[in-house]
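By my numbering, the letter at position 312 of the sequence shown is numbered 304, and the numbering carries on one by one without gaps.
Structure first, commentary second.
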Amino acid sequence: MTVAAGFPISLVLAGRPVLVVGGGRVAAAKARQLVEAGAQVTMVAPRFCAEAEELTVRRVPRTYRHGDLDGCWLVVTAVDDAEVTAAVAADAEAARVFCNAADRPEHCSATLMALHRRGEVTVAVSTNGRSPAAAGWLRDRLAGALDARTDRVVRAAAAARDRLRVRRSSEGLPWRALLDEVAAIDDDAEASSLVDRFVSAATAPTAPIAPTAPVGRVKLVGAGPGDPDLLTVAAVAALRWADVVVHDALVGDEIFRSIPAGTELIDVGKRPGRPVPQETIGALLVQLARSGRRVVRLKGGDPYVFGRGGEEALALGAAGVDYDVVPGVSAALAAPAAAGVPVTHRGVAAAVTVITGHRARELAAVDWAAAARLGGTLVVLMGVTERAAIAEALQAGGLNAATPVAVVERAGRPDQRVARARLDELGVIDVVAPATIVIGAVASLDLRSPGGPRPRLDGRTPLEPDAGTAALR
Ligand SMILES: C[S@@+](CC[C@H](N)C(=O)[O-])C[C@H]1O[C@@H](n2cnc3c(N)ncnc32)[C@H](O)[C@@H]1O
């Protein structure tokens, strides 16, 4: 008989007698867990392995007998002998003692779960006794999600609950909102003040079940280049916390899957023919925050790398709105990496310079001649339209026409494309925005796979020492 879907429960075994039948390593491992839970463990087996000998248990060196489980709350068997297992299970059933039999689901009235403990939190995974290996694998994956942030959430919830014990019930309180807020911050003091606000709102005589006071707040969050795996843990927490997300056009479609259903989305993406003035965005953020909303301003890459995040932070600060910044993985680094290009490489590129190519010809905001002299690697964002002018300006500044160039389009997205060329070909190759342009000796590398192609430039090894400087005329 396979055990039907079990009812998970955490037994308080401290001081309670528990029997373990078996003296091998599996029995010892189970006995160890029971000892750690505080149980008074008796092991019955003709022989005990070294691990079993080390445990603080009572050892009875003989085979199992009827009556051994008298007075026990639980019995665990881990023996090869099917008859002994069946006898233990039958006795347990008759005595109404729960029985776990290793590798014998038909004799189990209780299954043990794969456990991970961190502080007050226990992750327990069951596959209903079908596969301890799968349960352990899943347990490890879930355990990886526990960190200092989850510790803070548990501490805050426990603190709030302790303080609210005077109330008959804490049901109906907006726990979820409190915990989302705590999860999205990085600071114990801030967590305590959120708990204070929650408790005062919950105990206020006039508004006993009011949610946390509307404290509009904005998080300027970097979404990375588009691959959801490159969202930071803090960004994911912020997206769960938000009730409205104000986003750019450059935020990848896949990222939206990390936003819970029900969160309002406002698209303020600046697209050709549909510019959204920066002041309008700033004013919108202020207005949303002032109405008590939890606002995420989601931007591609990093908010402070050509993302105008600084201007939005200033607008919020000027309006007295609280904000945090969650940095993101900038396309300036992620796009080259996605093409197998290390932006610095010992002996090849000792510096990396990130430059805007926006309106390069018109504004001359960048001293391209100086950039040409820097050696190292140049990473140009927003340079697709002006790429021919940029290539010309760099050559005019002294950069060799044959300097390798890699252009990474839609980095990290399913339709990513990489083009490689020489600097003097940059203006004529086919490129569609958004793309990041990498210029310098490293751009001829492709380190995506160990045996992968190693593009070479004019027969020269791209790893020639000082290739960046040597590329200068
Ligand atoms: C307005 S800037 C914003 C940069 C962004 N804040 C960051 O840190 O990545 C936009 C430029 O970033 C680059 N970019 C953004 N996402 C990209 C992607 N997925 N692939 C390649 N380049 C990208 C392009 O050069 C694009 O023109």
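Heads up, the beta-carbon is just placed ideally off N, CA and C, and yes, glycines get one too.
Contact belief for residue i with residue j at Cβ below 8 angstroms, rounded distance in angstroms
| i | j | result |
| --- | --- | --- |
| ALA307 | VAL278 | 7 angstroms |
| ALA341 | THR377 | No, ALA341 and THR377 are not in contact; Cβ-Cβ is about 26 angstroms, not under 8 angstroms. |
| ARG144 | ALA181 | Contact flag wrong, Cβ pair sits at about 11 angstroms. |
| PHE90 | LEU66 | 5 angstroms |
| GLY419 | ALA383 | 5 angstroms |
| ALA229 | ARG141 | 7 angstroms |
| GLY111 | VAL213 | About 28 angstroms; that fails the 8 angstroms criterion. |
| ILE273 | VAL260 | 5 angstroms |
| PRO328 | VAL236 | With a Cβ gap of about 33 angstroms, PRO328 and VAL236 do not count as contacting. |
| VAL397 | ARG412 | 7 angstroms |
| ALA305 | VAL317 | 7 angstroms |
Ligand 1 heavy atom lying under 7 angstroms from the CB of residue i
| i | result |
| --- | --- |
| ARG109 | no |
| LYS510 | Look at the range of the chain in this structure, -7 to 465, and you will see that residue 510 is not part of it. |
| MET105 | no |
| ARG289 | no |
| VAL243 | no |
| PRO426 | yes |
| PHE298 | yes |
| VAL400 | yes |
| MET35 | no |
| ASP407 | no |
| GLY404 | yes |
| ASP259 | no |
| LEU373 | yes |
| SER322 | yes |
| GLY218 | yes |
| ALA466 | The structure shown does not extend to residue 466, since the chain is modelled only from -7 to 465, so the question has no answer here. |
| ASP294 | yes |
Residue environment, residue i, which counts as buried when at least 16 other CB atoms sit within 10 Å
| i | result |
| --- | --- |
| HIS58 | exposed |
| ILE429 | buried |
| VAL225 | exposed |
| ALA205 | For ALA205, the predicted structure reports a pLDDT of 48, less than 50, and the residue's modelled location is therefore unreliable. A value from the coordinates is still provided. The residue is exposed, with fewer than 16 neighbouring Cβ atoms inside 10 Å. |
| PHE(-1) | exposed |
| ILE421 | exposed |
| ILE201 | Interpretation of ILE201 is limited by its pLDDT of 46, a score under 50 that renders its predicted location unreliable; no figure is taken from the coordinates. |
| ILE177 | buried |
| ALA(-3) | exposed |
| ARG402 | buried |
| PRO295 | buried |
| SER436 | buried |
| LEU257 | exposed |
| ASP240 | buried |
| VAL371 | buried |
Closest by C-alpha distance to residue i, when choosing among the options
| i | options | result |
| --- | --- | --- |
| VAL13 | VAL76, GLU98 and ARG88 | VAL76 |
| GLY293 | ARG17, HIS99 and ALA324 | ALA324 |
| SER322 | GLY218, GLY164, LEU170 and ALA193 | GLY218 |
| ARG133 | ALA150, ARG157, ARG155 and LEU107 | LEU107 |
| ALA425 | PRO295, VAL117 and ASP407 | ASP407 |
| LEU3 | GLY15, MET105, ARG409 and ARG96 | MET105 |
| ALA149 | ALA126, VAL187 and PRO269 | VAL187 |
| ALA311 | VAL346, VAL297, PRO334 and ALA275 | ALA275 |
| ALA472 | ARG122, ALA135 and GLU173 | For residue 472 there is no data in the structure shown, the boundaries of the chain being -7 and 465. |
| ALA215 | VAL243, ARG232 and SER436 | VAL243 |
| GLY30 | VAL52, ALA42 and LEU5 | LEU5 |
| ALA169 | ILE431, ARG285, ASN392 and LEU386 | ARG285 |
| PRO334 | ILE258, GLY16, GLN387 and GLY432 | GLY432 |
| LEU222 | GLY404, ALA411, ALA175 and ASN392 | GLY404 |
| VAL434 | ARG414, ARG131 and PRO9 | ARG414 |
| PRO220 | SER250, ALA361 and HIS239 | SER250 |
| GLY15 | VAL52, GLN387 and ARG8 | VAL52 |
Residues near residue i in its chain [Cβ-Cβ closer than 6 angstroms; skip 5 each side]
| i | result |
| --- | --- |
| GLY332 | ASP438, LEU439 and ARG440 |
| THR336 | VAL344 |
| ARG50 | THR34 |
| ASP380 | Asp is not the amino acid found at residue 380; the sequence shown has Ala there. Correct list, in chain order: GLY419. |
| SER101 | PHE90 and CYS91 |
| GLY358 | The sequence given here places Val at residue 358; Gly does not occur at that position. Excluding positions up to five away in sequence, the list reads ILE347. |
| VAL18 | ALA70 and ALA94 |
Cβ-based neighbour list, residue i, same chain, cut-off 7 angstroms, excluding 5 preceding and 5 following
| i | result |
| --- | --- |
| THR55 | PRO38 and VAL76 |
| ALA81 | CYS91, ALA93 and HIS99 |
| LEU11 | THR34, VAL36, ASP60, LEU61, CYS64 and VAL67 |
| ILE1 | none |
| GLN270 | ARG300 and GLU303 |
| LEU366 | ALA343 and THR345 |
Contacting residues, own chain, Cβ-Cβ under 8 angstroms from residue i (five flanking each side not counted)
| i | result |
| --- | --- |
| VAL313 | GLY208, ARG209, VAL210, LEU277, VAL278, ALA281 and ARG282 |
| ALA199 | Residue placement at ALA199 is flagged as unreliable, the pLDDT there being 48, under the threshold of 50; a coordinate-derived value is accordingly withheld. |
| LEU156 | SER162, LEU165, VAL191, ALA194 and THR195 |
| LEU47 | ALA20, ALA23, ARG24, VAL27, VAL33 and MET35 |
| ALA84 | LEU61, VAL67, PHE90, CYS91 and SER101 |
Chain C within 8 angstroms of residue i, Cβ atoms only
| i | result |
| --- | --- |
| ARG147 | In the structure shown, chain C cannot be found, because there is only a single protein chain. |
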